[in-house]
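Below: one structure, written as structure tokens.
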Amino acid sequence: MVSPLAAVLMFFLVMPIILIVIVSFWRATEFSIIPAFEFDNYEFLFGSNVTYKVFYNTFKYALITWAFTLVIGFTVAYYLAFHIRSLTWQIALFLLCTIPFWTSNIIRMISWIPFLGRNGIANTTLMSWGVIDEPVEWLLFSDFAVILAFVHLYTLFMVVPIFNTMMRIDKSLIEAARDAGANGAQILWNVIIPLTKPGIMIGTIFVVTLVMGDFITVRFMSGSQSANVGRLISNDIALLQYPSASATAIVLLATVLITIGILLRFVDIRKEL
Amino acid sequence: MEPRPRSFYVLSAFFGLFVLFLYGPTLTIGILSFQGEGGGLTFPMRGVSMYWFYDLFEQQAVGDIWGSFRRSIVLGLMVMVTTVVVSVMGGLAFRKKFAGSGILFYLIITALVIPSILVSLGVGLLFSQSGLNVHWSTSGFGAQLTWTLPFGLLIMFAVFNRFDKSYEEAARDLGATPWQTIRYVVLPIIAPSLIGVALFGFTLSYDEFARTLLTSGSYNTLPLEIYGMTTNVTSPVLYALGTLTTLFSLLIIGAFLALALLSNRRKARAGSDAGKAV
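So, in structure tokens, the structure goes:
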């Protein structure tokens, strides 16, 4: 029963990772890659200032995006779970939030151009209000645009798991808290948030890994002006420097897995499905 | 009913803004794709026309849009069918502990969290080093499965966690073979969730970019084609294409949701189908 699954994961996940590990010790010339066993790629990687800057950028994007998606995602899920009273409406509004997930990310990135461009909606509106005198340049092709796009693309990954755990909170617990004299804020802080933690953790895992592994959003939305680890890898690939791309990829994978490992200490995923 | 607290209205406004944030940009390029012939990538509209849509259908200088669209659909269907079949089998298997089930579970989680570029790079290297040609229907197909299968399996895990085992026991007591139990009892019960798995399988494949980047070979899928256009096309034709593919996605999503709704209704109306199975 399970062999097709095992076969797919073996051939398209485990073997590729093993191969990346092997190739990360190889040597590259300008035209080809040569089997070898040397640590040059890693030495170069850890010896370069660019690496640290790029890893710092990656964490920065992940952290800021996480904070925004958490606040927005939690608020939306809370509204759907506790303020919408009919199940039909809950499902309908929930679907409204999830539909963009099934459409193309690239098109959703492109669709920010008319908003953020030099003559875009944001600039013209701000100028007509007199807030600014000339177009702001940093709206498109900047860190701001990158994070905006991340939040736009990935808030769903927070909404869905948090909503899912919230729906399973026994409503009588909230009633009990209210009977015991808790006000709205106390109920939120002492009852709902602790019970929603597993959903928050799963959402966090999704958002953090998606942002850390991204290379296309950063490239597109920063207009190639900023870099994260994913872009470092994809640049090496474009130059056919597979061994050095592999070494960076392995370091990235280790970083992501360690981050997930820490997050998984707080939640048992199998119990939450 | 108790009256709505004031926070309800504040949160409603927040939710409205969130929906606007989600859909606003897409609607904007929808409007801008009807830009007049001399118009550019931003407002103001210089007239309203279908010019850029015609442009999309006529000139093929930018690339092979329709070919890539066809490939994306075929690949999406391949991934969809495989995802449904493999996820159901995996879901059934995971109901019991078996040798290696723990490792396999962590592999599924790994597939979900691994940076997509690693899959792309790794599968690309695997094929090139073993002398195989990368092609969207082989390496691209496999690379996408590492993304769709975890979603399919997580849905199946959730479904089987809520599955009432007494139906199966009843079937067994009545003398059904294991295969009959699955075919006539388990599958009909989980059928509506399979529509969800299929939706994930198709749309995630249809929109996938990163995993196909190094694994699709010389024939592009649609997202790769669109990405290529972003670097060298600076006219609203890009928006026209974006609008068309988004409409296509919405059509697919709508069809799946309607199907799910229909099967739920039918189930509710028909009630028991006892005795009709064999």
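For the record, the sequence lines run as chains A and B. Quick note: the first sequence uses my numbering, first residue 506, plus one each step. Quick note: the second sequence uses my numbering, first residue 159, plus one each step. We put the CB at the ideal spot given by N, CA and C, even for glycine.
Three-state secondary structure assigned by DSSP to residue i
i        : result
A:Arg532 : strand
B:Val206 : strand
A:Ile618 : helix
A:Thr539 : Note that residue 539 of chain A corresponds to Ile in the displayed sequence, not to Thr. Reduced to three states, the DSSP call for A:Ile539 is strand.
B:Thr388 : helix
A:Gln595 : helix
B:Gln193 : strand
A:Ile589 : coil
A:Glu639 : coil
A:Leu745 : coil
A:Ala752 : helix
B:Leu419 : helix
A:Arg673 : coil
A:Val772 : coil
A:Gly625 : coil
A:Arg613 : helix
A:Ala650 : helix
A:Ala681 : helix
Min CB distance residue i to chain A below 7 Å
i        : result
B:Ala418 : no
B:Ile261 : no
B:Ala269 : yes
B:Met247 : yes
B:Ile347 : no
B:Tyr385 : yes
B:Leu284 : yes
B:Asp213 : no
B:Pro273 : yes
Test: residue i CB closer than 7 Å to a CB of chain B
i        : result
A:Val513 : yes
A:Gly622 : yes
A:Pro640 : no
A:Ser609 : yes
A:Trp617 : yes
A:His588 : yes
A:Ala754 : yes
A:Pro521 : yes
A:Pro509 : yes
A:Gly735 : yes
Extent of the continuous alpha helix (DSSP H) run through residue i
i        : result
A:Val519 : From DSSP, A:Val519 is part of no alpha helix (DSSP H); its letter is neither H nor E.
A:Gln691 : Gly689 to Ile692
A:Met506 : Premise fails: A:Met506 is in no alpha helix (DSSP H) and is neither H nor E.
A:Gly728 : A:Gly728 -> no alpha helix (DSSP H), and no H or E assigned at all.
B:Thr241 : Ile223 to Ala251
A:Leu715 : Ile698 to Gly718
A:Ala567 : Asn554 to Tyr583
B:Ala269 : Ser259 to Val271
Closer than 7 Å at the beta carbon, the chain C residues around residue i
i        : result
A:Ile604 : Considering every chain present, this structure includes no chain C. Its protein chains are A and B.
Point to revise | Contact the region 633–644 of chain A vs the region 680–692 of chain A: 3+ CB pairs below 8 Å | key: no
Review point. Which full runs of the alpha helix (DSSP H) of 4+ residues lie inside the region 350–378 of chain B, going along the chain?
Key: 368–371
Review point. Can you list the alpha helix (DSSP H) stretches of 4 or more residues lying completely in the region 287–356 of chain B, in chain order?
Key: 299–319, 324–331 and 336–339
Check your understanding: Quick one: any contact between the region 221–236 of chain B and the region 382–395 of chain B, if contact means 3 or more CB pairs under 8 Å?
Key -> yes
Review point. Would you say the region 699–717 of chain A touches the region 666–682 of chain A, given that touching needs at least three Cβ pairs under 8 Å?
Key: yes
Exercise for review: Kindly confirm or deny that the region 595–609 of chain A and the region 198–212 of chain B touch, where touching means at least three C-beta pairs closer than 8 Å.
Suggested key: no
Exercise for review: Count the C-beta pairs between the region 243–251 of chain B and the region 736–748 of chain A that are closer than 8 Å, then say yes if the count reaches three, no if not.
Suggested key: no
Review point. Touch check for the region 714–724 of chain A and the region 560–568 of chain A: three-plus C-beta pairs under 8 Å?
Key: yes
Check your understanding: Touch check for the region 647–655 of chain A and the region 614–626 of chain A: three-plus C-beta pairs under 8 Å?
Key -> yes
Exercise for review: Report yes or no: do three or more beta-carbon pairs, one from the region 537–547 of chain A and one from the region 301–313 of chain B, lie closer than 8 Å?
Suggested key: no
Practice item. Spell out a yes or no on whether the region 176–194 of chain B and the region 393–410 of chain B are touching, meaning 3 or more CB-CB pairs, one atom from each, closer than 8 Å. Key: yes
Practice item. Determine, using beta-carbon pairs with one atom in the region 575–592 of chain A and one in the region 323–341 of chain B, whether at least three such pairs fall under 8 Å. Key: no
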